[in-house]
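Beneath this line is the structure, given in structure tokens, with notes to follow.
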Amino acid sequence: MNTICRPFAPQISRAKIVLKTTNRYFHSGNSVRTTNSLNTTTAKRAQQARTLQSRLAAAAVGERDHLTSSKDDDEPMADDDRIARIASSIRVIPDFPKPGILFQDITTLLLNPKAFKDTIDLFVERYKDKNINVVAGIEARGFIFGPPIALAIGAKFVPMRKPKKLPGEVISEEYSLEYGTDVIEMHVGAVQAGERALVVDDLIATGGTLSAAIRLLERVGVDVVECACLIELPELKGRDRLGDRPLYVLIS
Ligand SMILES: O=P(O)(O)OC[C@H]1O[C@H](OP(=O)(O)OP(=O)(O)O)[C@H](O)[C@@H]1O
Ligand SMILES: Nc1ncnc2[nH]cnc12
Numbered sequence: 001m002n003t004i005c006r007p008f009a010p011q012i013s014r015a016k017i018v019l020k021t022t023n024r025y026f027h028s029g030n031s032v033r034t035t036n037s038l039n040t041t042t043a044k045r046a047q048q049a050r051t052l053q054s055r056l057a058a059a060a061v062g063e064r065d066h067l068t069s070s071k072d073d074d075e076p077m078a079d080d081d082r083i084a085r086i087a088s089s090i091r092v093i094p095d096f097p098k099p100g101i102l103f104q105d106i107t108t109l110l111l112n113p114k115a116f117k118d119t120i121d122l123f124v125e126r127y128k129d130k131n132i133n134v135v136a137g138i139e140a141r142g143f144i145f146g147p148p149i150a151l152a153i154g155a156k157f158v159p160m161r162k163p164k165k166l167p168g169e170v171i172s173e174e175y176s177l178e179y180g181t182d183v184i185e186m187h188v189g190a191v192q193a194g195e196r197a198l199v200v201d202d203l204i205a206t207g208g209t210l211s212a213a214i215r216l217l218e219r220v221g222v223d224v225v226e227c228a229c230l231i232e233l234p235e236l237k238g239r240d241r242l243g244d245r246p247l248y249v250l251i252s
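Residue numbers in the sequence shown follow the UniProt record's numbering, run continuously in steps of one, and reach 252 at the last position.
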């Protein structure tokens, strides 16, 4: 296994997983931050980086529980070196978009064609034989991962958009953020009752966005087979808002 993490840099780091191991996240607007983030010290960040290194090293030798997969955990994902490569290609930017927020930046993954392809392949391997008709992608970052998965498994792609973006008739669902609410919308007629859907986004934090997407689809009789995200911030317990719907994640 090649080296999969780099020395921690004060402002921009690829050390992503540790940033949720030593802090309690909470949601602020559309992002997540740590309770102690405004006075994070260099020493704390160095400790976080060391913790990350040990987690990724464990993942590289195949220990489970460091990089997790799914609630049912029915596939040997943790020892898959593609996961470690994907994890190390996601950058964390402290204090974006606001002070204290640890932003999980998937744009660096997109710069790495191998890691990006591995990401899509892992989802496709899981969903190709599950009779899924609909891949519903959530704006904006679900639009990056959803379409290639949909094409590969032979499903249609349905965009779930922020308000006032879709030109046709829509149905809407409101969901709560830490302060206030937001709305997602879907075109009427895009899906049919009885279809089987996979909901795709890059990240689950509080679960508000995914739970609204599930409600939208279920209102029109669609069967939500599973939700799939690249990243989970488990401290925020977003899974708990999804009810019985399974959530599958590559990195937790
Ligand atoms: O689990 P939650 O607490 O609902 O948060 C997760 C959502 O937050 C981010 O999107 P954001 O709303 O920042 O929009 P963007 O993708 O357009 O940047 C992310 O891409 C998820 O969609
Ligand atoms: N910490 C985070 N990084 C990137 N996107 C997010 N959406 C919610 N929290 C986020």
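Yeah, the Cβ is synthetic: ideal placement off N, Cα and C, and Gly gets one too. Being a predicted model, the structure only gives us computed values, none of them experimental.
Which residues in the same chain have their Cβ closer than 8 Å to the Cβ of residue i, if we skip the five residues on either side of it in sequence?
i    : result
G207 : L236, K237, G238, R239, D240, R241, L242
L166 : P159, E185, M186, H187
Leaving out five residues before and five after residue i in sequence, what residues of the same chain have Cβ atoms less than 7 Å from its Cβ?
i    : result
A155 : I132, N133, V134, V135
S176 : G208
A190 : V158
V124 : I149, A152, I153
A115 : R85, I86, S89, L109
Indicate, with yes or no, if ligand 4 has a heavy atom lying under 8 Å from the CB of residue i.
i    : result
K162 : Among the ligands present in this structure, namely ligand 1 and ligand 2, ligand 4 is not found.
Looking only at its own chain, which residues have a Cβ that is under 6 Å from the Cβ of residue i, when we skip the five neighbours before and after it?
i    : result
N112 : S89
L230 : D202, L250
R215 : E173
D129 : none
Would you please state the rounded distance, in angstroms, between the beta carbons of residue i and residue j? I believe it to be under 8 Å.
i    : j    : result
R219 : I171 : 7 Å
E232 : I204 : 5 Å
D118 : R82  : 4 Å
L198 : A228 : 6 Å
Helix, strand or coil for residue i? Go by DSSP, reduced to three states.
i    : result
D202 : strand
I90  : coil
I106 : coil
K16  : With a pLDDT of only 32 at K16, under the threshold of 50, the placement of this residue in the model should not be trusted; the figure read from the coordinates follows. Three-state DSSP puts K16 in coil, outside helix and strand.
Answer with buried or exposed for residue i, where buried requires no fewer than 16 other C-beta atoms within 10 angstroms of its C-beta.
i    : result
E174 : exposed
A140 : exposed
Y127 : buried
D202 : buried
D244 : exposed
Y179 : exposed
E169 : exposed
P94  : buried
A213 : buried
* To do: May I have a chain-ordered list of the beta strand (DSSP E) segments no shorter than 3 residues that lie completely inside the UniProt domain "Phosphoribosyltransferase" (108–241)?
  => 134–138, 156–160, 170–176, 181–187, 196–204, 223–232
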